[in-house]
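Residue numbers (the working numbering): 449 to 570.
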């Protein structure tokens, strides 16, 4: 699947991880943007709608589950979502019911993450 020209929003409160993931995805053709939490992500989404959101679950101000609820409640059901988290507070069934495309655990397996994001791309 070609991802050239696809836009990925990486949402995580760990800035070095965000930057690192941005470089990983840029190398395979993604255009990437970064947000430090759900509120920053909303501002990014309102400026330009991404094809895929890659989000952590636990973040300050607004976490991933709240961001996903916001997406679904505000006309962004077409944005694909991949969850990456070190915590398992939310069951995979709940996340799938919200239309999440994949749930991956930290520590990150980059090959699985690249595959999950590529599969989620519209």
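Where is the CB? At the ideal position from N, CA and C, for every residue including glycine.
query	result
Please confirm whether residue 458 and residue 477 have their CB atoms less than 8 angstroms apart.	no
Give the single residue among 541, 517, 515 and 502 whose Cα lies nearest to the Cα of residue 554.	502
Taking the alpha helix (DSSP H) that residue 515 belongs to, which residues open and close that run?	512-521
With residue 551 and residue 531 assumed to form a contact (beta carbons below 8 angstroms), what rounded beta-carbon distance in angstroms separates them?	5 angstroms
Can you look up residue 493 in the DSSP assignment and give me helix, strand or coil?	helix
In or out: residue 558 buried (at least 16 other Cβ within 10 Å) or exposed?	exposed
Evaluate residue 481 with the Cβ neighbour count: other Cβ atoms within 10 Å of its Cβ, from every protein chain shown; 16 or more gives buried, anything less gives exposed.	buried
If you draw a straight line from the C-alpha of residue 509 to the C-alpha of residue 517, how long is it?	15 angstroms
Drop a sphere of 10 angstroms on the beta-carbon of residue 526, count the other beta-carbons inside from all chains shown, and report buried for 16 or more, exposed for fewer.	exposed
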